[in-house]
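Let me begin by presenting the structure, written as structure tokens, before commenting on it.
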Amino acid sequence: GAGVSQTPSNKVTEKGKYVELRCDPISGHTALYWYRQSLGQGPEFLIYFQGTGAADDSGLPNDRFFAVRPEGSVSTLKIQRTERGDSAVYLCASSSQGGRTDEQFFGPGTRLTVL
Amino acid sequence: SQQGEEDPQALSIQEGENATMNCSYKTSINNLQWYRQNSGRGLVHLILIRSNEREKHSGRLRVTLDTSKKSSSLLITASRAADTASYFCAPDTGRRALTFGSGTRLQVQP
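Protein chains in written order, with the numbering used here: chain A, 973 to 1087; chain B, 839 to 948.
This is the structure we're talking about:
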């Protein structure tokens, strides 16, 4: 049983470029979450999917950030016109049904560095 | 939005000692979860305690919840070097997503 996987594990880009980060959740999990973690801080919520739809995107910092989950499985977080402040570890998690007591299973994260 | 605040920020102990971390939160909750994070990457769920529970055990972990004081504690007994990690609490916010504080960084010296 594979866990949550994320690709790439590391991404270095230049300011102003576009990046895509991919998350493969645990098979059968309907809920998928994206978090962002800066050094020395806890993960910060970005967006939550229930199936194919974004049920809560209140954590996205601005309109440069967008995420999709077209078939209710794999999700892609897209960041346009990257800024140095976007540098962080981007974590993806999934849970079986998205309930408030459901355990969330985290991937290893993608470390994004914007030069 | 509500988030847990872990205390202390950092803790260094010797292998075999017990480690206690605390979490405080602001509003009433239905449950609270604890997670561990090794090496700044993925988090691992440790335990969930519900508001009607005062104490819960899982292996070497003991979690308490005091809803009157709006606080929780995580005790790791007989610590091992492998317990070195950051520990986060996530009090239920009424949302599906978890809300974390800055965590407690535990260092267990062999």
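A virtual CB, placed ideally from N, CA and C, is assigned to each residue, including glycine.
When DSSP labels each residue in this structure, what does residue i get in the three-state scheme?
i: alanine 919 (chain B); result: helix
i: aspartate 996 (chain A); result: strand
i: arginine 1008 (chain A); result: strand
i: glycine 1112 (chain A); result: A question about residue 1112 (chain A) goes unanswered here, because the residues of chain A that appear run from 973 up to 1087.
i: glycine 1025 (chain A); result: strand
i: arginine 874 (chain B); result: strand
i: arginine 1056 (chain A); result: helix
i: threonine 865 (chain B); result: coil
i: lysine 907 (chain B); result: coil
i: glutamine 841 (chain B); result: coil
i: tyrosine 1020 (chain A); result: strand
i: lysine 989 (chain A); result: coil
i: valine 976 (chain A); result: coil
Would residue i pass as a contact of residue j if the rule is Cβ separation under 9 Å?
i: threonine 902 (chain B); j: serine 911 (chain B); result: yes
i: leucine 899 (chain B); j: leucine 884 (chain B); result: yes
i: leucine 1087 (chain A); j: valine 984 (chain A); result: yes
i: tyrosine 1005 (chain A); j: cysteine 1064 (chain A); result: yes
i: alanine 848 (chain B); j: leucine 913 (chain B); result: no
i: serine 917 (chain B); j: glycine 941 (chain B); result: no
i: glutamine 1069 (chain A); j: alanine 974 (chain A); result: no
i: tyrosine 1007 (chain A); j: alanine 935 (chain B); result: yes
i: tyrosine 1062 (chain A); j: glutamine 1022 (chain A); result: no
What number of angstroms, rounded off, separates the C-alpha of residue i from the C-alpha of residue j?
i: glycine 854 (chain B); j: isoleucine 1051 (chain A); result: 45 Å
i: asparagine 1034 (chain A); j: glycine 897 (chain B); result: 43 Å
i: alanine 919 (chain B); j: arginine 1083 (chain A); result: 25 Å
i: phenylalanine 1037 (chain A); j: glutamine 852 (chain B); result: 43 Å
i: glycine 1031 (chain A); j: glutamine 947 (chain B); result: 37 Å
i: glutamate 1075 (chain A); j: serine 1067 (chain A); result: 6 Å
i: proline 1080 (chain A); j: alanine 1060 (chain A); result: 13 Å
i: tyrosine 863 (chain B); j: glutamine 841 (chain B); result: 6 Å
i: glycine 932 (chain B); j: asparagine 869 (chain B); result: 10 Å
i: serine 1047 (chain A); j: arginine 994 (chain A); result: 6 Å
i: arginine 1053 (chain A); j: glutamate 843 (chain B); result: 33 Å
i: phenylalanine 926 (chain B); j: leucine 881 (chain B); result: 9 Å
i: glutamate 1016 (chain A); j: aspartate 1028 (chain A); result: 13 Å
i: glutamine 978 (chain A); j: arginine 1041 (chain A); result: 14 Å
i: lysine 894 (chain B); j: glutamate 1055 (chain A); result: 44 Å
i: serine 866 (chain B); j: lysine 908 (chain B); result: 7 Å
i: threonine 905 (chain B); j: serine 889 (chain B); result: 7 Å
i: aspartate 845 (chain B); j: glycine 939 (chain B); result: 10 Å
For residue i, which residues does DSSP report across the bridge?
i: alanine 857 (chain B); result: B:Ile914
i: histidine 895 (chain B); result: B:Arg900
i: glutamine 1013 (chain A); result: Answer is none; glutamine 1013 (chain A) lacks a bridge partner.
i: proline 929 (chain B); result: B:Leu870
i: threonine 1085 (chain A); result: A:Val984
i: leucine 849 (chain B); result: B:Leu944
i: alanine 1065 (chain A); result: A:Tyr1005 and A:Phe1078
i: leucine 881 (chain B); result: B:Gln875
i: serine 889 (chain B); result: Answer by DSSP bridge pairing: none, since serine 889 (chain B) is not bridged.
i: alanine 1039 (chain A); result: A:Leu1049
i: serine 924 (chain B); result: B:Gln875 and B:Arg943
Mind checking whether the beta-carbon of residue i lies closer than 8 Å to any heavy atom of the ligand FMN?
i: glycine 1023 (chain A); result: As presented, the structure is devoid of all ligands, the ligand FMN included, so that no description of it is given.
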